[in-house]
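Number of protein chains: 2
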Amino acid sequence: MSTEDKAKATKPRRLKDISEWHKTMDIAIIGFGGAGACAAIEAKDAGADVTIFELSSASGGSTAMSSAEIYMGGNGGTRVQKACGYDDSTENMYNYLKLCQGEQGDDNKIRAYCEGSLGHFDWLVDKGVPFKDTEFKERAIMVTTDDGLLYTGNEKVWPFNEVATPVPRGHNLYVDGDNGGPLFMKIMTDNVEKRGVNVEYETRALTLIQDEDGVVHGIVIRQNQKELNVRTHKGVILCAGGFVMNEAMLKRYAPMLSRCNAPTGNPGDDGAGILMGMGAGGAAINMHEGLTTLPFYPPPSLTKGIFVNSAGQRFINEDCYHSRVGNYCLKQPGDRIYLIFSADDIGNYQNSNYMGADIAGTGETVAELESELGLPELSLQQTVEFYNHYAEKGEDPKFHKIPQWLTPIKGPYAALDCTLGRGAMYSMFTLGGLDTLPTGEVLTGEREVIKGLYAAGRTTAGMPRTGDGYASGMSVGDVSFFGRWAGRTVAAAENLS
Amino acid sequence: MSTEDKAKATKPRRLKDISEWHKTMDIAIIGFGGAGACAAIEAKDAGADVTIFELSSASGGSTAMSSAEIYMGGNGGTRVQKACGYDDSTENMYNYLKLCQGEQGDDNKIRAYCEGSLGHFDWLVDKGVPFKDTEFKERAIMVTTDDGLLYTGNEKVWPFNEVATPVPRGHNLYVDGDNGGPLFMKIMTDNVEKRGVNVEYETRALTLIQDEDGVVHGIVIRQNQKELNVRTHKGVILCAGGFVMNEAMLKRYAPMLSRCNAPTGNPGDDGAGILMGMGAGGAAINMHEGLTTLPFYPPPSLTKGIFVNSAGQRFINEDCYHSRVGNYCLKQPGDRIYLIFSADDIGNYQNSNYMGADIAGTGETVAELESELGLPELSLQQTVEFYNHYAEKGEDPKFHKIPQWLTPIKGPYAALDCTLGRGAMYSMFTLGGLDTLPTGEVLTGEREVIKGLYAAGRTTAGMPRTGDGYASGMSVGDVSFFGRWAGRTVAAAENLS
Chain L
1 MSTEDKAKAT
11 KPRRLKDISE
21 WHKTMDIAII
31 GFGGAGACAA
41 IEAKDAGADV
51 TIFELSSASG
61 GSTAMSSAEI
71 YMGGNGGTRV
81 QKACGYDDST
91 ENMYNYLKLC
101 QGEQGDDNKI
111 RAYCEGSLGH
121 FDWLVDKGVP
131 FKDTEFKERA
141 IMVTTDDGLL
151 YTGNEKVWPF
161 NEVATPVPRG
171 HNLYVDGDNG
181 GPLFMKIMTD
191 NVEKRGVNVE
201 YETRALTLIQ
211 DEDGVVHGIV
221 IRQNQKELNV
231 RTHKGVILCA
241 GGFVMNEAML
251 KRYAPMLSRC
261 NAPTGNPGDD
271 GAGILMGMGA
281 GGAAINMHEG
291 LTTLPFYPPP
301 SLTKGIFVNS
311 AGQRFINEDC
321 YHSRVGNYCL
331 KQPGDRIYLI
341 FSADDIGNYQ
351 NSNYMGADIA
361 GTGETVAELE
371 SELGLPELSL
381 QQTVEFYNHY
391 AEKGEDPKFH
401 KIPQWLTPIK
411 GPYAALDCTL
421 GRGAMYSMFT
431 LGGLDTLPTG
441 EVLTGEREVI
451 KGLYAAGRTT
461 AGMPRTGDGY
471 ASGMSVGDVS
481 FFGRWAGRTV
491 AAAENLS
Chain X
1 MSTEDKAKAT
11 KPRRLKDISE
21 WHKTMDIAII
31 GFGGAGACAA
41 IEAKDAGADV
51 TIFELSSASG
61 GSTAMSSAEI
71 YMGGNGGTRV
81 QKACGYDDST
91 ENMYNYLKLC
101 QGEQGDDNKI
111 RAYCEGSLGH
121 FDWLVDKGVP
131 FKDTEFKERA
141 IMVTTDDGLL
151 YTGNEKVWPF
161 NEVATPVPRG
171 HNLYVDGDNG
181 GPLFMKIMTD
191 NVEKRGVNVE
201 YETRALTLIQ
211 DEDGVVHGIV
221 IRQNQKELNV
231 RTHKGVILCA
241 GGFVMNEAML
251 KRYAPMLSRC
261 NAPTGNPGDD
271 GAGILMGMGA
281 GGAAINMHEG
291 LTTLPFYPPP
301 SLTKGIFVNS
311 AGQRFINEDC
321 YHSRVGNYCL
331 KQPGDRIYLI
341 FSADDIGNYQ
351 NSNYMGADIA
361 GTGETVAELE
371 SELGLPELSL
381 QQTVEFYNHY
391 AEKGEDPKFH
401 KIPQWLTPIK
411 GPYAALDCTL
421 GRGAMYSMFT
431 LGGLDTLPTG
441 EVLTGEREVI
451 KGLYAAGRTT
461 AGMPRTGDGY
471 ASGMSVGDVS
481 FFGRWAGRTV
491 AAAENLS
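Protein chains in written order, with the numbering used here: chain L, 1 to 497; chain X, 1 to 497.
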């Protein structure tokens with residue numbers, strides 16, 4: 001096969017050009033991560049004939065690499081929330097998520113996610129996902145115990161605390177250490193296998209098969225170096241991840257993310273699913289957005305510090321979730337980001353921290369530190385003076401940090417160098433992708449449904465839409481919730497052939 | 001015709017379904033604004049048979065609504081630059097534009113634009129576009145005299161002055177008042193007409209006609225309530241503007257722009273050109289970006305003021321071009337933006353300003369103004385104290401405003417309310433669109449050329465890519481430069497039918 005003949009993701013094959021079908025099924029699911037697994041289980045339970053095609057040699061996807069916290073609540077509270085003493089209304093959850101997703105939030109997805117959240121919890125438990133009825137109360141990037149519930153977003157802090165009552169919604173799997181992802185995918189894989197869903201590994205999806213009217217009838221795959229035509233009677237579900245591993249796409253679509261040094265995902269997050277959808281007429285939206293994060297705690301004591309930019313000015317309430325802080329760091333003018341704190345608050349930073357930032361300077365006085373950091377003379381001094389003046393009173397009139405973390409910063413002082421490109425880890429993944437209905441149906445730029453084509457997970461622009469409002473558990477929550485829905489939708493669809 | 005049968009921009013008609021061709025030509029150009037006009041002139045001069053289809057009853061597009069400054073330079077300088085005493089190297093222009101366009105800059109477009117800029121100037125002059133060899137030296141949003149040259153971007157200011165020698169490149173047409181746009185389009189329309197290019201007004205382009213291999217062979221149009229099939233032997237050039245008038249698209253693709261209150265464009269900027277390109281397999285990129293602007297001068301004396309956010313903190317060097325300032329205003333946390341200045345500097349604000357912001361407060365002391373504005377006590381006082389301390393010495397270590405505008409702010413003090421949604425005008429237009437080669441060829445998400453399909457102007461992601469680095473004249477410059485190139489490319493293409 002010459003290079004010219006090579007299948008292009010963005011150039012679907014025409015149905016009329018297919019002379020031989022190598023495989024036939026109701027539903028082909030592309031990708032065996034969280035979204036693909038959940039779609040397969042639901043579709044199979046609805047009686048459909050399902051095959052999952054997975055690029056690698058095993059299930060898992062990026063879900064298995066994650067902590068697999070799952071963001072759930074509302075409806076009076078999940079079993080875990082209730083056991084931990086929390087009441088959570090659907091409206092409260094909705095108000096919170098609405099603010100998180102910004103102008104580009106998809107109200108139908110947010111609403112559906114909140115309303116269906118308790119049912120989703122029950123479904124997961126029914127499938128064998130274990131949650132312990134205990135709360136992890138520390139401020140942490142991830143749970144290192146087996147506790148079942150924790151705050152994973154900005155629920156307690158400004159401005160989110162002005163629109164919704166803070167409730168923890170991050171559900172952590174009942175397993176020691178940061179092993180939620182592998183366990184979640186093991187359980188889902190067991191569920192897929194025991195249902196007899198056909199899974200074919202080491203299979204690359206190349207391009208969709210589409211008729212002249214735009215209806216998707218299958219997909220071209222490559223197995224053992226052979227191209228095979230797969231006919232789908234009901235539809236193809238793209239669950240192939242995002243595009244965090246595709247540098248060229250990041251630069252064109254998500255310039256801010258392309259500046260980060262730590263892409264989070266598996267090698268299959270190369271945008272192929274999104275590109276295939278685009279080729280079939282699907283619209284890729286919200287492509288500039290992603291989760292970026294600067295994991296500056298633990299230790300939580302560093303939250304008592306203040307972030308400053310190259311003007312020596314604060315720019316965020318430091319009690320925000322690390323991803324919101326990271327996003328704001330990336331948006332600062334100038335080329336320096338420092339975390340300034342009382343040296344006493346460094347705690348076990350060197351052993352517990354994921355950020356990898358070096359000490360940029362220390363000083364007995366703020367003036368000394370300011371000079372060592374090369375910040376404009378008086379700039380940091382003013383900032384600390386103002387901060388301390390109000391922290392003394394438990395106030396933060398500029399950025400509204402909550403009293404829990406408001407303590408005057410005292411000497412000796414220290415600073416961590418969180419400047420991009422100087423060692424600190426800025427991790428990220430993409431939140432843009434195919435525009436879909438909550439049902440998983442892929443939409444054109446005019447929001448017309450493309451028959452036979454479905455998508456879920458990071459191949460789509462899902463419920464989470466902004467890095468500023470992200471909370472851990474939103475992505476695996478979205479992946480599993482809307483993955484299931486896509487599976488149900490396509491199983492219930494009438495046959496196209 | 002039932003609603004179901006209605007042509008959808010994103011759903012191209014199949015060539016095989018076309019039973020009758022109502023019109024046949026080499027090239028169909030969609031839109032008679034700046035890009036369409038320049039494409040038509042070049043294509044016709046190369047011997048092609050060209051028709052322009054225009055939605056409205058007259059030529060003009062959004063170019064005619066603009067000031068039609070044109071950003072040109074490099075190559076030793078244009079005639080006007082030289083006459084005004086400026087030397088401008090291509091490398092200098094390139095270095096500047098490269099920084100302006102950010103991570104998402106298209107190096108091939110930037111380079112080609114700089115290298116071809118002098119030739120473009122000469123071409124425009126040859127077509128009859130008049131430029132006077134004089135410089136307008138005031139800091140202004142637009143020229144109100146007939147002078148030919150002015151600074152229209154951030155050339156003189158930080159950080160741009162660190163990578164390139166400041167040279168003015170905004171070329172203003174030789175006409176009194178802000179009438180460059182109408183004159184530019186009158187001249188281009190005359191050129192189109194005297195060449196005998198066929199123009200059909202009141203014609204809406206509905207959707208492209210594409211064969212099974214993805215090659216574009218024409219376009220479906222509506223004239224007098226009839227759908228007509230137009231066959232193009234060489235190609236279709238989409239010059240149909242951006243999507244600033246499409247609220248739903250703004251929300252999905254460009255959430256920041258959707259918050260502005262003054263979309264700048266004509267009603268045809270509804271995204272139809274971009275959607276048609278997407279439907280044919282083209283990738284829309286950089287869709288989140290746009291020019292947003294807060295036209296806070298004239299009078300230029302207000303540049304001596306300082307912008308503060310709801311934390312009472314500065315965030316930008318106020319000597320930046322108004323569009324960069326506007327973009328930064330939109331990115332501030334909190335919900336207040338004030339311009340603080342010495343009351344003496346208000347000059348003729350009430351008569352000369354386009355911004356429409358009300359006086360938010362005044363005070364004999366900074367403390368009094370701070371209190372009146374509801375800013376945190378001490379916040380504005382610290383900000384002004386720091387600013388004045390350094391302004392006294394002609395320095396601005398935080399934001400690097402140049403000495404020309406650095407004067408301590410003195411009482412009595414005043415503040416303009418530039419808060420979004422409280423009266424100040426935030427205008428905007430889109431800078432995202434179809435990914436194209438400099439030649440105008442439209443690309444898929446894998447950057448494969450779609451045969452028979454071309455685009456230029458705001459239907460594309462052109463040379464200008466960011467609001468942070470925008471300069472007046474970049475859009476009309478891009479529109480005319482790459483519009484011409486698209487015209488030449490398609491005229492030289494071999495016949496597809």
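By construction, the Cβ of each residue, glycine as well, lies at the ideal position given by its N, Cα and C atoms.
Check	Outcome
Residue range of the alpha helix (DSSP H) that residue 350 of chain L falls in?	349-352
In terms of residues, what are the limits of the beta strand (DSSP E) holding residue 454 of chain L?	449-455
Considering residue 501 of chain X, what are the terminal residues of the beta strand (DSSP E) in which it resides?	Outside the shown range of chain X, which is 1 to 497, sits residue 501 of chain X, and nothing can be said about it.
Go ahead and pull the three-state DSSP assignment for residue 280 of chain X.	coil
Of the choices X/341, X/265 and X/346, whose alpha-carbon is the least far from that of residue 366 of chain X?	X/341
With DSSP collapsed to three states, give me the class of residue 210 of chain L.	strand
Count the C-beta pairs between the stretch 73-93 of chain L and the stretch 263-270 of chain L that are closer than 8 Å, then say yes if the count reaches three, no if not.	no
Between residue 11 of chain X and the rest of its own chain, which residues show a CB-CB distance below 8 Å, the 5 nearest in sequence each way excluded?	207 and 279
Tell me which same chain residues have a C-beta within less than 6 Å of the C-beta of residue 168 of chain X, skipping the five on either side of it?	149, 150 and 151
If contact is defined by three or more beta carbon pairs under 8 Å, each pair taking one atom from either stretch, is the stretch 235-244 of chain X in contact with the stretch 211-222 of chain X?	yes
Taking the C-alpha atoms as reference points, what is the distance between residue 171 of chain L and residue 71 of chain L?	6 Å
Can you pull the chain L neighbours of residue 556 of chain X, defined as C-beta to C-beta under 8 Å?	Past the boundaries of the shown model lies residue 556 of chain X; chain X is included only from 1 to 497, so the question cannot be answered.
Can you give the beta carbon distance from residue 287 of chain L to residue 254 of chain L, rounded, assuming they're within the 8 Å contact cut?	6 Å
Please list the residues of the stretch 205-226 of chain X that have a C-beta atom closer than 7 Å to any C-beta atom in chain L, keeping them in chain order.	212 and 214
For residue 263 of chain X, which of helix, strand or coil comes out of DSSP?	strand
Mapping the DSSP letters down to three states, classify residue 388 of chain L as helix, strand or coil.	helix
Work out the CA separation of residue 371 of chain L and residue 378 of chain L for me, nearest whole Å.	9 Å
Using DSSP's beta-bridge definition, name the partner residues of residue 417 of chain X.	X/338
Note down, in chain order, every chain L residue with its Cβ under 7 Å from the Cβ of residue 460 of chain X.	None at all; the shortest Cβ gap to chain L is about 13 Å.
Out of L/59, L/319, L/356 and L/306, point me to the one whose CA is closest to residue 338 of chain L's CA.	L/306
Assuming the contact rule is C-beta atoms closer than 8 Å, residue 490 of chain L and residue 27 of chain L should be a hit. Round their C-beta distance to whole Å, please.	5 Å
For residue 122 of chain L and residue 136 of chain L, which I take to be in contact (beta-carbon distance under 8 Å), what is that distance rounded to the nearest angstrom?	Contact flag wrong, Cβ pair sits at about 22 Å.
Which two residues bound the contiguous beta strand (DSSP E) that contains residue 75 of chain X?	Taken as a continuous stretch (DSSP letters only), residue 75 of chain X belongs to no beta strand (DSSP E), as it is neither H nor E.
If you draw a straight line from the C-alpha of residue 360 of chain L to the C-alpha of residue 374 of chain X, how long is it?	36 Å
Is there a Cβ of chain X sitting closer than 8 Å to that of residue 288 of chain L, yes or no?	yes
Keeping to the same chain, check which residues put their C-beta closer than 7 Å to that of residue 390 of chain X; ignore five residues upstream and five downstream.	396 and 397
Does residue 350 of chain L pass the burial test, meaning 16 or more other C-beta atoms within 10 Å, or should it be called exposed?	exposed
So, for residue 356 of chain L: in the same chain, excluding its five sequence neighbours on each side, which residues have a beta-carbon less than 8 Å away from its beta-carbon?	423, 424 and 425
Go through its chain and collect everything with a Cβ distance to residue 427 of chain L's Cβ below 6 Å, but skip five positions before and after it.	262, 264 and 293
Closer than 6 Å by C-beta to residue 354 of chain L: which residues in its own chain qualify, once you throw out the five before and the five after it? Chain order, please.	295
Taking Cβ-Cβ distances below 7 Å as the criterion, which residues of the stretch 250-279 of chain X are in contact with chain L?	251, 252, 253, 255, 258, 259, 275, 278 and 279
Skipping 5 residues on each side, what residues in its chain have a beta carbon closer than 6 Å to that of residue 7 of chain L?	206, 207 and 220
From the DSSP output, in three-state form, read off residue 17 of chain X for me.	helix
Can you confirm whether residue 410 of chain X, when its beta carbon is compared against all beta carbons of chain L, has any partner nearer than 8 Å?	no
Could you name each continuous beta strand (DSSP E) segment of 3 residues or more that falls completely within the stretch 301-326 of chain L, going from the start of the chain to the end?	306-309
Within 10 Å of its beta-carbon, does residue 57 of chain X have 16 or more other beta-carbons around it, so buried, or fewer, so exposed?	exposed
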